[in-house]
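All letters in the sequence shown, in the order written, are residues 148 to 744 by our numbering.
These notes are about the structure you will find just below.
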Amino acid sequence: MRDYIGHSDWHFGHDLLEVRNANNEATKFATFFELDALPTTTEMGIWDFILRQPTEFVLTQSMIFMQGIQAQKMIDRQMNLIESGDNAEHELVELRTARDYVASGVVSFGDYHASLAVMGNSPEKVLADSADLNGQFLAKGTVLKRSNLKSQFSFLSALPASKDRVKPSPRTIANFASTWSLHNYSTGKASGNPIGDGSAILPLKTLSNSLFHFNCHASEAGRNNIGEKSAGHTMILGASGSGKTTLEATLTGFLTRFDQQIFCIDYKRSTELFVRAFGGEYFAIKEGEDTGINPFQLEHTPKLVSFLNRLVCRLAQDTRGHVNAHDEKEIKDAIDSVMHFDLPMRGLSMMLQSIQMPDLRLRLSKWCRSEDGKLAWCLDSPRNLFNPKTMDRIGFDSTLLLEKESNGYIHPASEPLLACLFFLKELMQESGKLLQTIVEEFWMPANFPLTQAVMKRTLKTGRLMNEFMVLSSQSPEDAIECDIFPAIVQQTATKVYLPNPDAEYSAYQRCNLTLGEQRCNLTLGEFTKLKALDKQSRTLLIKQFNTSCFAKLDLGGFDEFLPIISGSTDDIVLSESLRSELGNAPERWIPELLKRR
Numbered sequence: 148m149r150d151y152i153g154h155s156d157w158h159f160g161h162d163l164l165e166v167r168n169a170n171n172e173a174t175k176f177a178t179f180f181e182l183d184a185l186p187t188t189t190e191m192g193i194w195d196f197i198l199r200q201p202t203e204f205v206l207t208q209s210m211i212f213m214q215g216i217q218a219q220k221m222i223d224r225q226m227n228l229i230e231s232g233d234n235a236e237h238e239l240v241e242l243r244t245a246r247d248y249v250a251s252g253v254v255s256f257g258d259y260h261a262s263l264a265v266m267g268n269s270p271e272k273v274l275a276d277s278a279d280l281n282g283q284f285l286a287k288g289t290v291l292k293r294s295n296l297k298s299q300f301s302f303l304s305a306l307p308a309s310k311d312r313v314k315p316s317p318r319t320i321a322n323f324a325s326t327w328s329l330h331n332y333s334t335g336k337a338s339g340n341p342i343g344d345g346s347a348i349l350p351l352k353t354l355s356n357s358l359f360h361f362n363c364h365a366s367e368a369g370r371n372n373i374g375e376k377s378a379g380h381t382m383i384l385g386a387s388g389s390g391k392t393t394l395e396a397t398l399t400g401f402l403t404r405f406d407q408q409i410f411c412i413d414y415k416r417s418t419e420l421f422v423r424a425f426g427g428e429y430f431a432i433k434e435g436e437d438t439g440i441n442p443f444q445l446e447h448t449p450k451l452v453s454f455l456n457r458l459v460c461r462l463a464q465d466t467r468g469h470v471n472a473h474d475e476k477e478i479k480d481a482i483d484s485v486m487h488f489d490l491p492m493r494g495l496s497m498m499l500q501s502i503q504m505p506d507l508r509l510r511l512s513k514w515c516r517s518e519d520g521k522l523a524w525c526l527d528s529p530r531n532l533f534n535p536k537t538m539d540r541i542g543f544d545s546t547l548l549l550e551k552e553s554n555g556y557i558h559p560a561s562e563p564l565l566a567c568l569f570f571l572k573e574l575m576q577e578s579g580k581l582l583q584t585i586v587e588e589f590w591m592p593a594n595f596p597l598t599q600a601v602m603k604r605t606l607k608t609g610r611l612m613n614e615f616m617v618l619s620s621q622s623p624e625d626a627i628e629c630d631i632f633p634a635i636v637q638q639t640a641t642k643v644y645l646p647n648p649d650a651e652y653s654a655y656q657r658c659n660l661t662l663g664e665q666r667c668n669l670t671l672g673e674f675t676k677l678k679a680l681d682k683q684s685r686t687l688l689i690k691q692f693n694t695s696c697f698a699k700l701d702l703g704g705f706d707e708f709l710p711i712i713s714g715s716t717d718d719i720v721l722s723e724s725l726r727s728e729l730g731n732a733p734e735r736w737i738p739e740l741l742k743r744r
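So this is what it looks like as structure tokens:
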């Protein structure tokens, strides 16, 4: 501060201070105010509105605490003045009460001082901004007086260890605490983060237009955590149309500088265009069409055999969801047998030939090509098209699997197909490379026994394998009701809540006092502000550890690229046509897509 002030010339006028830099021609202007009166009652955060003011200012406060006897003498002098003057009885009553509280040590007083400096690059701007800010204080019952010819002393009072204090006045410590509430907007962590070079993933603006450094991975502020295996799971909840896909795409795009792998279980093809734009492959799972998935043709390992046993047992369940011990033994023997065949011969159809029990054979036949089963297209492909060792960035349109109809109907292929997708992801993860797993409508796989266990394991230990999950849903109520939602809340380092004007606090914060369960970890104040947001506000609530921040992701001015970040059905259909003409290389079909739109 000494060096900066020493390199400037300070010229005080009647209303303004002009600061001229000694090393260049840059100038700055300022005007000063001193506190004249506070409102009748003060409350915590009474001046928090200044955080949202679009102007540069310095607010300085100080208090020299009084001893109890000194405060009592001050009150006695004031009572004598009133009694010898207008004799305002209500003021005397208040002063007597204050004197009693001071004597008993309940209330303490101090010599309080507050000054405000408003700065800008031109005299006109300073005068306009200061008038606006003064009006905001006045609306809160606080009266400020312009310093004018005393401005040099107001300036000096803002410096450390200065003894110059203009218009000090006795105030209670409660007054001081209310005006100096220490409230602020979170700033996030700019550097020293666990992944990549440690820089924050994405810069966002707070509601006061200050900078917030967004990270999926949580780490202690002020420490260098580069390379540490920290938790990075992120949960995103928001109503449809609030910007969930746009946020996911933006995060994914900024993460690509760390060359992460991407595995995406998608809903309504919302992520298709940006997955393809980042060089990924994308596959759609459609009713009756061969998926290209045959887990039996993956590399033969004990891990695969264990998974196949769990998978086939789920396929073989009876109407009550049971598989008896005899069925389990026959399934195990059949799997062991088929895994000794050559790779092209492996599959559910070949395994079925080893099943002898009629009931078990009948239950499994609907999944087999050899029996022309109605669900044979799901997991009994003649040739497995997916090799986890070569997969780098890949997405699956799983709308068929993630939808729940109004009558509660869920597609019978949902659990086994999702289980296979998660198993492919686990094999893909074995490389140890940074892996970003995106799961849309995560509450659906979180309710199936096969996938639920995989998700819980990833949430708890994924960080050790350099994986982090981005779990999102446009149906917060369904997400909150899923079986493992409390575990998801506990294990997700970062939670992002998007606007949901129709939400109810009871749904977001439903508690089970017996279990000590608290659903979304939202306070009533946070929820009230979140609910008041419009879907198009592009504002989101970010919670990490015990800190929270409202930030904005407004991509105004980037409209040309929004079709890639969050494409409509028309954009997706057009991209299909263009890719059939030009190929899958993003640098070829994206410019043409943007041009033809």
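Where is the CB? At the ideal position from N, CA and C, for every residue including glycine.
Do residue i and residue j have their CB atoms nearer than 8 Å?
| i | j | result |
| --- | --- | --- |
| LYS297 | ASP183 | no |
| TYR414 | GLU588 | yes |
| SER294 | PHE179 | yes |
| ASP276 | THR202 | yes |
| GLY400 | ILE373 | no |
| ILE478 | CYS460 | yes |
| LYS376 | LYS699 | no |
| GLY784 | PHE615 | The requested residue 784 does not occur in the structure, where the chain is confined to residues 148 to 744. |
| PHE543 | PRO442 | no |
| LYS580 | ASN534 | no |
| PRO756 | HIS364 | This structure cannot speak to residue 756, because the chain is shown only from 148 to 744. |
| ALA472 | LEU507 | no |
For the beta strand (DSSP E) that residue i lies in, which residues bound it at each end?
| i | result |
| --- | --- |
| VAL254 | Run containing VAL254: none; DSSP gives neither H nor E here. |
| SER207 | Here the sequence assigns Thr to residue 207, which means Ser is not the residue at that position. Here the beta strand (DSSP E) through THR207 covers 203 to 212. |
| MET317 | Note that residue 317 corresponds to Pro in the displayed sequence, not to Met. It spans 316 to 319 - the beta strand (DSSP E) in which PRO317 sits, taken as one unbroken run. |
| MET386 | According to the sequence as given, residue 386 is Ala; it is not Met. It is not in any beta strand (DSSP E) - ALA386 carries neither H nor E in the DSSP assignment. |
| ASP544 | 540 to 544 |
| PRO592 | Where PRO592 is concerned, there is no enclosing beta strand (DSSP E), given that its DSSP letter is neither H nor E. |
| CYS411 | 408 to 413 |
Determine the closest residue to residue i out of the options, with distance taken between C-alpha atoms.
| i | options | result |
| --- | --- | --- |
| VAL485 | TYR556, LEU445, ASP506 | LEU445 |
| LEU691 | LEU462, LYS220, GLY335 | In the sequence on display, residue 691 carries Gln and not Leu. The residue with the shortest Cα to Cα distance from GLN691 is GLY335. |
| CYS696 | SER357, ASN531, ALA424 | SER357 |
| GLY427 | ASP437, SER417, GLU434, PHE410 | PHE410 |
| GLY369 | ILE383, PRO350, GLY345 | GLY345 |
| CYS515 | GLY703, ALA472, ILE541, ALA560 | ALA560 |
| ILE145 | GLY288, PRO186, PHE196, ARG318 | Outside the shown range of the chain (148 to 744) lies residue 145, about which nothing can therefore be said. |
| ILE348 | LEU354, ALA337, SER355 | ALA337 |
| LEU671 | ALA650, THR686, ASP681 | ALA650 |
| LEU532 | CYS567, PRO505, LYS513 | CYS567 |
| THR187 | PHE204, ASP717, GLY288 | GLY288 |
| SER578 | ALA245, HIS330, THR537, GLU165 | THR537 |
| ALA386 | ILE719, ASP625, ILE712, GLU673 | ASP625 |
Quick one: residues in its chain with C-beta nearer than 7 Å to the C-beta of residue i, no 5 flanking neighbours on either side, listed in chain order?
| i | result |
| --- | --- |
| MET497 | VAL485, PHE488 |
| GLY160 | none |
Whose C-beta lies closer than 8 Å to the C-beta of residue i among residues of the same chain, with five residues either side of it excluded?
| i | result |
| --- | --- |
| ASN554 | none |
| LEU291 | PHE180, GLU181, LEU182, ASP183, LEU263, ASN281, PHE284, LEU285 |
| MET191 | ALA324, SER325, SER328 |
| SER727 | none |
Return the first residue and the last residue of the alpha helix (DSSP H) that residue i is part of.
| i | result |
| --- | --- |
| ILE216 | 215 to 230 |
| ALA566 | 561 to 576 |
| LEU182 | Careful: LEU182 lies outside any alpha helix (DSSP H), inside the beta strand (DSSP E) at 174 to 184. |
| VAL601 | 596 to 608 |
| VAL273 | 270 to 286 |
Does residue i pass the burial test, meaning 16 or more other C-beta atoms within 10 Å, or should it be called exposed?
| i | result |
| --- | --- |
| VAL240 | exposed |
| PRO648 | exposed |
| ARG423 | buried |
| THR608 | exposed |
| LYS391 | buried |
| LYS310 | exposed |
| TYR259 | buried |
| ILE211 | exposed |
| MET602 | buried |
| ASP527 | buried |
Excluding the 5 residues flanking residue i on each side, which residues of the same chain have their C-beta closer than 6 Å to its C-beta?
| i | result |
| --- | --- |
| THR661 | Low per-residue confidence applies at THR661: pLDDT is 34, beneath 50, and the placement is therefore not dependable, though the value from the model is reported in the following sentence. Hits under 6 Å: none found. |
| LEU677 | TYR644, LEU688 |
| ARG167 | ASP156, THR174 |
| VAL617 | THR381, ILE585 |
Mind checking whether the beta-carbon of residue i lies closer than 7 Å to any heavy atom of the ligand SAH?
| i | result |
| --- | --- |
| GLU230 | For the structure depicted, the ligand SAH is absent and the ligand set is empty, with no information on it obtainable. |
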